[in-house]
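S.K.: Got a structure for you, questions after.
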Amino acid sequence: MKAPAAVSYSATEMMTIVAARALRNDDVVFVGIGAPSAACNLARLTHAPDITLIYESGTIGTRPNVLPLSIGDGELAETALTTVSVPEMFRYWLQGGRITVGFLGGAQIDRFANLNTTVVGEYARPKVRLPGGGGAPEIATHCGEVFITMAMGKRAFVETLPFVTSLGHGAGPESRRALGVATKGPTKVITDLCVLEPDPETRELTVMALYPGVGREAVQAECGWPLKFAGRIAAIPAPTGEELRVLRDLQARTAAAHGSDA
Amino acid sequence: MAEILTLKDAVGAHVSDGDSIAMEGFTHLIPFAAGHEVIRQGRRRLTLIRMTPDLIYDQLIGMGCAERLVFSWGGNPGVGSLHRLRDAVENSWPQPLALEEHSHAAMANAYEAGAANLPFAVFRGYRGVDLPHVNPAIRSVACPYTGEVLATVPALRPDVAIVHAQRADRAGNVLFEGIVGVQKEAVLAARRSIVTVEEVVDDFGPRSPNAVILPAWTVSAIAVVPGGAFPSYAHGYYKRANAFYKGWDAIARDRDRFRAWMDENVLRGRPEDFARYAGRAGSGRIPSPLVEEGQGGGNDEGRSARHLSSLSVSPPQGGRGGA
C-alpha cells in the first residue's frame, strides 16, 4: 500500500514522527507511555530495528506488537528479552548509567526544560493535583540525554514553574554541574509545532527547526516566555508516506487491542 | 508459616484500623479482590503505601479508608487522573488525605532497604528538584569514601503487605511470573503479609531455577481468589482490561456515581465475583479469557459487562499531564 503523495497528517503525528527520527539504531531508550512509546516503536519498525526499548516496569528489549496503555501491560513482558524487578530496573539499569536516551513529558515546562508534573498552585493546597514524578526525577539525571515531547500552549510553556518535578538545565549553564550531574539533560524538546534545543552557552531553549507550514509567530503565540530563535532555522520535512503508514497501522492495532479508540 | 484462609478471614486476621498497608503490583498482579475485602470490612485510618496508587487506592481513598498515602505516581495509567485521589487532596473529600510523596527510584530503594532490614535506603537521586522541600523524609548522607552527597529515604516497613500471585503450592510457597515489580521486597519488608493467588497446585512443575518464589515461611496468609487481580492482569491467566481503566475515568469523576458503583460492585460483592475474569493456567500463550465470555467480539467491554453493570465505556477526557 502506497500512501498518496500529499497525504494530510495531524500535529501529534508530526511530533511523534520527529521524535522517532531522533532515535538511533544503537540507542538504549527508557520509554514513557503515550507519544514517547509511539515514537520509540515507530523508530523500531522503521529505521532503528535494533533499538533497545526499556519500560520502567522492568521489561528490557521489548518489542510490543501493539502500544501498551500502561507502563506494564502484559504485551511488554511477553515480547521482552528479559523482565527484571523494579528495584533492579532503577538501581542497575537506570542509576547504573546504561540508558542512552530517556523520554519525558509533563504538564508544564520552563525555558531551561525543567518540568512540572506534580501540582498547579501551592503544594500543600494545590489547585490541580497532577500525578507526580514517578520515574522522572532520576530519569532526568541518569540517562545520557533526555528528549522531551510536549504539545505547545501558553499554560504548558510557562515563565515560572510552580514546582520542579524533574531537572532540566536548572537556572542555566552551571546548574547541572553544580548538582554533581554529569549527563547532558534535555537535548531536544520536540513539540507539535517545532523542535527546540538548549543554547550551547546559555542553556536556554531555542527554536532550531520549524514544521512545514508553521511560522515563528505561531510558535511564539503558544509559548509563555519570549522565545529565542536560532540564526538559521531548519525546515523539518513532512512525514513520509511510509512513516505515516507504519504509525497508523501501529495505532490501529493498538485501538483494536484495547477495545476502544486509542 | 503461610495459612491458607478465605480472603475474608485473611483480611480479618491481619488488617486492622490504623495499619500501614502496602498493596503492591506494578501495573501487573494488583490485588483488587483483597482491596475490596478491606473496604467491605470497613477498615479506617489506614496508611496506604504503593508506588502507583492505581484504581485500587482510588477506591480505598474514595471510600474513606485512608488517612495517609505514601506514593510515587498517582495517575490512571495512560488515561489521566485518579479523581478520588484528587478530590481527597484538593477538597478533603470524603476526608483529608496526608501525602508522603517520593520518586519511583526512592520507593523501590526503600522497599529493598526494608527487605534487607536496613534503616534507610541510599541512592543517587532527587537532584535539582522540589520534592525534598515538601517531604521531610527525604534527606542525604555524604559517602564515607568519596564525599559524594547521596539521597536517603527511610526504609519502608509496612504492617501488612498484600500482593497477588499466579500460584501457590499446597505447602504455601508462592510463585510470581512476568512483571514482578516490588512484590517480593514488599512482602519481605512487611511484618505480616497476605497473598491472593489464582490457584493452588500440587506442584509448580517445570520452572526456571531462578523463578521468583516466596517460601511459605515468609508469608502469613494465602487466599485463593481466581481473577483477583482484575482489572489489572495475571500473566499467563488473563489480560489487563484496558477498557475498564478507560471507563473508570467517568465513574470516578462523580462522587455519587462512584458511591453507587462501589455499593453495587464492592460493598455488595464477594471475592468469588472475581472468578469470572479468571483464565486458565498452562504453558505458553493463554488466550484471553475475555474472548470466552460468549460475547463473540473478544474485546474488554464484552467481558466486563456483567460485573461492571454501571460502567459505560465511553472515551475519557484526555488528561493533560498524564502518564
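Chains as they are written, first to last, in my numbering: chain B, 1195 to 1456; chain D, 123 to 445.
In this text, a Cβ means the ideal position worked out from N, Cα and C, and glycines have one as well.
Nearest to isoleucine 1333/B by alpha carbon, out of Val1314/B, Gly1299/B, Leu1324/B, Thr1273/B?
M.R.: Within the first sequence, residue 1333/B is the residue found at index 139, counting from 1. With distances taken between Cα atoms, isoleucine 1333/B lies closest to Gly1299/B.
S.K.: Along chain D, which residues have their Cβ under 8 Å away from the Cβ of histidine 1452/B?
M.R.: Along the first sequence, one-based indexing puts residue 1452/B at 258. In chain order: Asn364, Ala365, Lys368, Asp422.
S.K.: Taking CB distances under 8 Å as the criterion, tell me whether aspartate 1304/B reaches chain D.
M.R.: As a first step, residue 1304/B is located in the first sequence; it is residue number 110 there, counting from the start. With 8 Å as the cut-off, aspartate 1304/B does not count as an interface residue toward chain D.
S.K.: Taking the beta strand (DSSP E) that tyrosine 1249/B falls in, what are its first and last residues?
M.R.: Translated into positions along the first sequence, residue 1249/B becomes position 55. Residues 1246 to 1249.
S.K.: Quick one, which of Thr274/D, Glu270/D, Asp325/D has its alpha-carbon nearest glycine 294/D's?
M.R.: Translated into the one-based positions of the second sequence, residue 294/D becomes position 172. Nearest C-alpha to glycine 294/D: Asp325/D.
S.K.: Could you pull out every residue in the same chain whose Cβ sits closer than 8 Å to the Cβ of arginine 206/D, ignoring the five residues on either side in sequence?
M.R.: Numbered from 1 along the second sequence, position 84 holds the residue referred to as residue 206/D. So the qualifying residues of the chain are Asp180, Gln181, Ile183, Gly184, Ala374, Phe380.
S.K.: Are the C-beta of leucine 182/D and some C-beta of chain B separated by less than 8 Å?
M.R.: Position 60 of the second sequence, counted from the start, is the residue given in the question as residue 182/D. No - not a single Cβ of chain B is within 8 Å of the one on leucine 182/D.
S.K.: Please report the residue range of the alpha helix (DSSP H) in which aspartate 291/D lies.
M.R.: For the purposes of this step, residue 291/D is taken as the residue at position 169 of the second sequence. Looking at the DSSP string, aspartate 291/D is not in any alpha helix (DSSP H); the run it does join, the beta strand (DSSP E), is 282 to 291.
S.K.: When you compare the segment 1329 to 1344 of chain B with the segment 1431 to 1438 of chain B, are there three or more beta-carbon pairs, one atom per stretch, that lie closer than 8 Å?
M.R.: The answer is no - the segment 1431 to 1438 of chain B does not touch the segment 1329 to 1344 of chain B, with fewer than three Cβ pairs under 8 Å.
S.K.: Is glutamine 1302/B helix, strand or coil by DSSP?
M.R.: The residue labelled residue 1302/B in the question sits at position 108 within the first sequence. Correct three-state label for glutamine 1302/B: strand.
S.K.: Is the CB of phenylalanine 396/D under 8 Å away from at least one CB in chain B?
M.R.: Against the second sequence, residue 396/D aligns to sequence position 274. So no, phenylalanine 396/D is outside the interface.
S.K.: Quick check on threonine 268/D: buried or exposed, where buried means 16 or more other Cβ atoms within 10 Å of its Cβ?
M.R.: One-based indexing of the second sequence puts residue 268/D at position 146. Under this definition threonine 268/D is an exposed residue.
S.K.: According to DSSP, lysine 1422/B sits in a beta bridge with which residue or residues?
M.R.: For the purposes of this step, residue 1422/B is taken as the residue at position 228 of the first sequence. In the DSSP output, where bridge partners are listed per residue, lysine 1422/B has Thr1400/B.
S.K.: Going residue by residue through the segment 163 to 226 of chain D, where are the continuous alpha helix (DSSP H) segments of at least 4 residues, counting only ones entirely within it?
M.R.: Whole alpha helix (DSSP H) segments, 4+ residues: 176 to 184, 205 to 213.
S.K.: In angstroms, rounded to a whole number, what distance separates the CA positions of methionine 384/D and glycine 391/D?
M.R.: Counting from 1 along the second sequence, the entry for residue 384/D is found at position 262. Counting from 1 along the second sequence, the entry for residue 391/D is found at position 269. Between methionine 384/D and glycine 391/D, the C-alpha separation is close to 9 Å.
S.K.: Do isoleucine 143/D and proline 280/D have their C-beta atoms within less than 8 Å of each other?
M.R.: Counting from one through the second sequence, the residue named residue 143/D turns up at place 21. Counting from one through the second sequence, the residue named residue 280/D turns up at place 158. Their beta carbons are under 8 Å apart, which means isoleucine 143/D touches proline 280/D by this criterion.
S.K.: When you compare the CB positions of glutamine 1289/B and alanine 230/D, do they come within less than 8 Å of one another, or not?
M.R.: Numbered from its first residue, the first sequence carries residue 1289/B at position 95. Numbered from its first residue, the second sequence carries residue 230/D at position 108. No.
S.K.: Indicate whether at least one CB of chain D lies closer than 8 Å to the CB of glycine 1374/B.
M.R.: For the purposes of this step, residue 1374/B is identified with residue 180 of the first sequence, where counting begins at 1. Glycine 1374/B counts as touching chain D.
S.K.: Of the residues Asp1386/B, Glu1250/B, Thr1246/B, which one's Cα is nearest the Cα of arginine 1430/B?
M.R.: In the first sequence, counting from the first residue as 1, residue 1430/B sits at position 236. Before going on, a small fix: residue 1430/B reads as isoleucine here, not arginine. That would be Asp1386/B, whose Cα lies nearest to the Cα of isoleucine 1430/B.
S.K.: Does the distance from the CB of glycine 1347/B to the CB of phenylalanine 1306/B come in under 8 Å?
M.R.: Counting from one through the first sequence, the residue named residue 1347/B turns up at place 153. Counting from one through the first sequence, the residue named residue 1306/B turns up at place 112. No, they are not a contact pair.
S.K.: Please classify threonine 1354/B as buried or exposed, where buried requires at least 16 neighbouring CB atoms within 10 angstroms.
M.R.: Looking up residue 1354/B in the first sequence gives position 160. Burial call: exposed.
S.K.: Within 10 angstroms of its Cβ, does serine 1202/B collect 16 or more other Cβ (buried), or is it exposed?
M.R.: For the purposes of this step, residue 1202/B is taken as residue 8 along the first sequence, with counting starting at 1. It is exposed - the Cβ of serine 1202/B has fewer than 16 other Cβ atoms within 10 Å.
S.K.: Using a C-beta to C-beta distance shorter than 7 Å, which residues of chain B count as neighbours of arginine 208/D?
M.R.: Within the second sequence, residue 208/D is the residue found at index 86, counting from 1. Residues of chain B passing the Cβ test: Arg1323.
S.K.: Could you give the C-beta distance for serine 225/D and glycine 247/D, rounded to a whole number, given that I count them as a contact under 8 Å?
M.R.: Residue mapping note: residue 225/D aligns to position 103 of the second sequence, counting from 1. Residue mapping note: residue 247/D aligns to position 125 of the second sequence, counting from 1. Sure, about 6 Å apart at Cβ, within 8 Å.
S.K.: Do lysine 1382/B and glutamate 1391/B count as a contact pair if the criterion is CB distance below 8 Å?
M.R.: The residue you call residue 1391/B lines up with position 197 of the first sequence. The residue you call residue 1382/B lines up with position 188 of the first sequence. The answer is yes: Cβ separation under 8 Å.
S.K.: Which of helix, strand or coil does DSSP assign to phenylalanine 1351/B?
M.R.: In the first sequence, residue 1351/B corresponds to position 157, counting from 1. Three-state result, phenylalanine 1351/B: strand.
S.K.: I'd like the ranges of any alpha helix (DSSP H) spanning at least 4 consecutive residues and lying wholly in the segment 292 to 363 of chain D.
M.R.: For the segment 292 to 363 of chain D, whole alpha helix (DSSP H) runs of length 4 or above, ordered along the chain, are 305 to 311.
S.K.: Taking C-beta pairs closer than 8 Å, name the residues in chain B that glutamate 212/D reaches, listed in chain order.
M.R.: Stepping through the second sequence from its first residue, residue 212/D is reached at position 90. Near glutamate 212/D (Cβ distances below 8 Å), the residues of chain B are Pro1320, Lys1321, Val1322, Arg1323.
S.K.: Just how far apart, CA to CA, sit glycine 236/D and alanine 308/D?
M.R.: In the second sequence, counting from the first residue as 1, residue 236/D sits at position 114. In the second sequence, counting from the first residue as 1, residue 308/D sits at position 186. Each residue's alpha carbon lies about 8 Å from the other.
S.K.: From the DSSP output, read off the bridge partner residues of threonine 1448/B.
M.R.: In the first sequence, counting from the first residue as 1, residue 1448/B sits at position 254. Paired residues: none, contrary to the question.
S.K.: Can you name the start and end residues of the alpha helix (DSSP H) that cysteine 1234/B belongs to?
M.R.: Sequence index remark: in the first sequence, residue 1234/B carries index 40 (1-based). Taken as a continuous stretch (DSSP letters only), the alpha helix (DSSP H) holding cysteine 1234/B covers 1229 to 1239.
S.K.: Within this structure, are the beta carbons of leucine 278/D and alanine 238/D separated by less than 8 Å?
M.R.: Residue 278/D sits at position 156 when you count from the first residue of the second sequence. Residue 238/D sits at position 116 when you count from the first residue of the second sequence. Cβ distance not < 8 Å, so leucine 278/D and alanine 238/D don't count as in contact.
S.K.: In chain B, which residues lie less than 8 Å from aspartate 252/D when you measure between Cβ atoms?
M.R.: Residue numbering aside, residue 252/D sits at position 130 when the second sequence is read from its first letter. The answer, in chain order, is Thr1312, Tyr1317, Phe1357, Val1358, Thr1359.
S.K.: Quick one: measure Cβ to Cβ for isoleucine 1293/B and phenylalanine 1224/B, integer angstroms, because I've assumed they're closer than 8 Å.
M.R.: Position 99 of the first sequence, counted from the first residue, corresponds to residue 1293/B. Position 30 of the first sequence, counted from the first residue, corresponds to residue 1224/B. About 5 Å; that satisfies the 8 Å criterion.
S.K.: Does any CB atom of chain B fall closer than 8 Å to the CB of glycine 350/D?
M.R.: Counted from its first residue, the second sequence places residue 350/D at position 228. For glycine 350/D, the answer is no, since every Cβ of chain B falls outside 8 Å of its Cβ.
S.K.: Between the Cα of leucine 191/D and the Cα atoms of Met145/D, Ile316/D, Val334/D, which residue gives the shortest distance?
M.R.: The sequence position of residue 191/D within the second sequence is 69, counting from 1. Cα-wise, what sits closest to leucine 191/D is Met145/D.
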